[in-house]
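Protein chains in written order, with our numbering: chain V, 4 to 504; chain Z, 1220 to 1541.
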């Protein structure tokens, strides 16, 4: 009952004119960037961060959440019509979706992905609503030792598992932790790595780093390497609406996709790739028309799209409840939290209930808005694809520069922005993931602070990390997360005969 | 036609508002309050109470509050000095804790880098333990402290701040080396409360207002207040009543950006004075058990200098500052 009351008060916040407008703006922007290939929700939110520094936290976060799942909707549009999945999570959608579009069934493909996303998103938020209050009870059981363990889990998840290479992920993480250490130490107030430059006393603004790595780095990379992309846009033919047969073949995959996506999204290192491909494989196996797979089977669009969206909600759940950023975009949303002095974690529900419940309520609204917007507006979104890339990325650079200067009108930040941008370019060029840098920068100092507090409480005794049950459990998960995938591969490689039949 | 233009104009304004880089306005109709601590703590409460009083008293219309916690507020102070230089529409909350922290940490950014505006409130500290703690009175706490000083983990505000000083003074009074005090610093508010309620530290020490909610909810047990006499309306014994000869108060105030003209400084002084005299502010003081210590302008500037000397002396004698 308490949950329901909280949720209703959340709707009261989300339904104010300002927040509704920001939510709408968020889903529109999100869909737009989702449609544009190469611009993910991470980049979009990074660019918006400086511009929103004058908003109140709730409004800004509502907008960012809108961008996040708007981008997921938009991403499927390009996957289907262009066969260029903007994110790895949309690859599975692109396989069947683009085939459907080639067969002149783009409309039903887009519709099943939009409605599937809506179904999955809504179920995911219901799960978040139910689970959230449970977390509040856990909150006070979290002492410094537990916080430290959760942060190490976040480090391992984002660096060792999200990218292709553990070493690159860890290098990126360490870079982030180093940048995070610049400035006054939060515990003792000692200046570290500041070289006596006053602008560095309060640390480097994480927004500058996010914009530099995501926007400037990406724009430089695009300018250097990606000016030879050939697009083959599929025309929209036939009816946009799904036939009775399409509905019948879609609803089960939606639900199965949701069931796969949410837990994987919430799991550290789960991500959206595994559940979308799993969903694709399951639908292929269960389908009554397996012969259509590879030629445009609607189940192959419905399932993975639902899984994709459910995993987004799953990862938002982890971010809100435990402060664990389990995906790149969640890492950027974490930046938004820090910008407003909010610490995501179990205490967020206790300290900022209106923000959290407003955000959750806005997610319900956002999903409805997206469904209404996307079905009729698909044609307009597709037009966005005609913007020439050079103009697009030049615009991004201008916006990034203006926004960063706007934070505190200091040329020093611009210098930092472009230095970081060049670093981001080289990271992109040599395939270093940038999300671990951001996470390291935000959580690094917090992890240090909690490690020091925990050891101070235990008077230097490291056994505090294994004698406390929650802490020991989290550490066990970390070890599992590290050894399970290689172990799994090893077992798989030992029985190749059965797999190939 | 007129209404149509208004709508267009409003839409344009909305878009401009989203994209525009904010420009400093002439009169004080907007104010940015930097709270150099996390949400929920004493400075945060001061900042938010100022916001409420200014808004409901129609003194300032648009107020944004920014939290930047850590290291006795010096991280927030450094950011304020960097970002707000010459900005007449910005203030930072601070106080005795910041003075102490700057001395203890030998901070390169000090209160000399900002413009003192006014001292606003005073508040006494309270010492608490979790409701299920075996420690029932100050005597129990001091006994454990005497047995093994390191076994008592104190959770409170920043290192070198009033809370830290109080814990050290209590230890000193019990004949224990104050540098043996095992003090865990939090950047104020929710984080510290969670650590104490969750039993992660032995005892908590901070301003009455920070713990009041949890005390009334029965989750924290108050052991003593740091005032000379009992605080009216609060049924908690003083330290002195329990044989500990220690008395300590905290003060909080506001500072403005460096590099302001006389006119800009005056404008801020009037704004804060109006707020401090407003009915809403006076009600807040009563409700939060804050003492009205309003002192403005040059007098406040002199007071800050005297506090630097006084707290510096205490911190040195306790071995917390060298």
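We put the CB at the ideal spot given by N, CA and C, even for glycine.
Chain-ordered chain V contacts of residue i [CB-CB under 7 Å]
{"i": "residue 1298(Z)", "result": "205"}
{"i": "residue 1419(Z)", "result": "146, 147 and 460"}
{"i": "residue 1369(Z)", "result": "462"}
Proximity test, residue i beta-carbon vs the ligand NAP heavy atom, cut-off 6 Å
{"i": "residue 282(V)", "result": "The ligand NAP is not part of this structure, which contains no ligands at all."}
Neighbour flag for residue i against chain Z, beta carbons, 7 Å
{"i": "residue 350(V)", "result": "yes"}
{"i": "residue 78(V)", "result": "no"}
{"i": "residue 195(V)", "result": "no"}
{"i": "residue 106(V)", "result": "no"}
{"i": "residue 252(V)", "result": "no"}
{"i": "residue 189(V)", "result": "yes"}
{"i": "residue 453(V)", "result": "no"}
{"i": "residue 392(V)", "result": "no"}
{"i": "residue 171(V)", "result": "no"}
{"i": "residue 2(V)", "result": "Lying before the first or after the last residue shown, residue 2(V) is absent from chain V, which here runs from 4 to 504."}
{"i": "residue 5(V)", "result": "no"}
{"i": "residue 411(V)", "result": "yes"}
{"i": "residue 488(V)", "result": "no"}
Exposure label - residue i; buried when at least 16 CB within 10 Å
{"i": "residue 1435(Z)", "result": "exposed"}
{"i": "residue 1(V)", "result": "The requested residue 1(V) does not occur in the structure, where chain V is confined to residues 4 to 504."}
{"i": "residue 1247(Z)", "result": "buried"}
{"i": "residue 1338(Z)", "result": "buried"}
{"i": "residue 1268(Z)", "result": "buried"}
{"i": "residue 1470(Z)", "result": "buried"}
{"i": "residue 248(V)", "result": "exposed"}
{"i": "residue 13(V)", "result": "buried"}
{"i": "residue 1262(Z)", "result": "buried"}
{"i": "residue 1220(Z)", "result": "In this predicted model, residue 1220(Z) has a pLDDT of only 38, less than 50, meaning its place in the structure is not dependable; the value taken from the coordinates is given anyway. So residue 1220(Z) ends up on the exposed side."}
{"i": "residue 76(V)", "result": "buried"}
{"i": "residue 257(V)", "result": "buried"}
{"i": "residue 55(V)", "result": "buried"}
{"i": "residue 491(V)", "result": "exposed"}
{"i": "residue 11(V)", "result": "exposed"}
Run of the beta strand (DSSP E) containing residue i, from where it starts to where it stops
{"i": "residue 1335(Z)", "result": "1334 to 1349"}
{"i": "residue 1425(Z)", "result": "1422 to 1426"}
{"i": "residue 1267(Z)", "result": "Premise fails: residue 1267(Z) lies in the alpha helix (DSSP H), 1261 to 1275, not in any beta strand (DSSP E)."}
{"i": "residue 431(V)", "result": "Looking at the DSSP string, residue 431(V) is not in any beta strand (DSSP E); the run it does join, the alpha helix (DSSP H), is 414 to 432."}
Test: residue i CB closer than 7 Å to a CB of chain V
{"i": "residue 1252(Z)", "result": "no"}
{"i": "residue 1275(Z)", "result": "no"}
{"i": "residue 1282(Z)", "result": "no"}
{"i": "residue 1326(Z)", "result": "yes"}
{"i": "residue 1293(Z)", "result": "yes"}
{"i": "residue 1168(Z)", "result": "Outside the modelled stretch of chain Z, which goes from 1220 to 1541, sits residue 1168(Z), for which no answer is possible."}
{"i": "residue 1289(Z)", "result": "yes"}
{"i": "residue 1413(Z)", "result": "yes"}
{"i": "residue 1403(Z)", "result": "yes"}
{"i": "residue 1354(Z)", "result": "no"}
{"i": "residue 1244(Z)", "result": "Residue placement at residue 1244(Z) is poorly supported in this model, since its pLDDT is 38, which falls under 50; the coordinates still yield a value, given next. Answer no: the Cβ-Cβ gap between residue 1244(Z) and chain V never drops below 7 Å."}
{"i": "residue 1225(Z)", "result": "Per-residue confidence for residue 1225(Z) stands at a pLDDT of 49, beneath the threshold of 50, marking its modelled position as unreliable; the derived number appears in the next sentence. So no, residue 1225(Z) is outside the interface."}
Proximity test, Cβ basis, 7 Å: residue i and chain A
{"i": "residue 21(V)", "result": "Looking for chain A here will not work: the only protein chains present are V and Z."}
Interface residues of chain Z facing residue i [CB-CB closer than 7 Å]
{"i": "residue 2(V)", "result": "Outside the shown range of chain V, which is 4 to 504, sits residue 2(V), and nothing can be said about it."}
{"i": "residue 201(V)", "result": "1301"}
{"i": "residue 456(V)", "result": "1403"}
Boundaries (first-last residue) of the alpha helix (DSSP H) holding residue i
{"i": "residue 1484(Z)", "result": "1481 to 1496"}
{"i": "residue 3(V)", "result": "Outside the shown range of chain V (4 to 504) lies residue 3(V), about which nothing can therefore be said."}
{"i": "residue 1365(Z)", "result": "1357 to 1366"}
Interface partners of residue i on chain Z, CB under 8 Å
{"i": "residue 259(V)", "result": "Those do not exist, as residue 259(V) stays about 39 Å from chain Z at its closest Cβ, beyond 8 Å."}
{"i": "residue 62(V)", "result": "Result: empty, since nearest Cβ-Cβ is about 11 Å, beyond 8 Å."}
{"i": "residue 186(V)", "result": "1294 and 1297"}
Contacts that residue i makes with chain V (C-beta to C-beta distance below 8 Å)
{"i": "residue 1320(Z)", "result": "192"}
9 Å Cβ cut-off: residues of chain V touching residue i
{"i": "residue 1378(Z)", "result": "190, 191 and 192"}
| query | Hey, is the segment 469 to 486 of chain V in contact with the segment 204 to 220 of chain V, meaning 3+ C-beta pairs nearer than 8 Å? | reply | With a cut-off of 8 Å, the segment 204 to 220 of chain V and the segment 469 to 486 of chain V do not count as touching, because too few Cβ pairs lie within range.
| said: Would the segment 366 to 384 of chain V count as touching the segment 29 to 38 of chain V if we require 3 or more Cβ pairs under 8 Å? | reply: Judged by Cβ distances under 8 Å, the segment 366 to 384 of chain V makes contact with the segment 29 to 38 of chain V, as three or more pairs qualify.
| query | How about the segment 1365 to 1381 of chain Z and the segment 1304 to 1318 of chain Z: do they share at least three Cβ pairs that are nearer than 8 Å? | reply | Touching, yes, given that three or more Cβ pairs across the two stretches are closer than 8 Å.
| request: Count the C-beta pairs between the segment 203 to 215 of chain V and the segment 399 to 419 of chain V that are closer than 8 Å, then say yes if the count reaches three, no if not. | output: Between the segment 203 to 215 of chain V and the segment 399 to 419 of chain V there are three or more inter-stretch CB-CB distances shorter than 8 Å, so the stretches are counted as touching.
| task | Assess, as a yes-or-no matter, whether the segment 1320 to 1340 of chain Z is touched by the segment 1499 to 1517 of chain Z under the definition of 3 or more beta carbon pairs within less than 8 Å. | result | Enough Cβ pairs lie closer than 8 Å, so yes.
| Segment contact, 8 Å Cβ cut-off, at least three pairs: the segment 427 to 443 of chain V with the segment 189 to 199 of chain V | With the cut-off at 8 Å, the segment 427 to 443 of chain V and the segment 189 to 199 of chain V do not touch.
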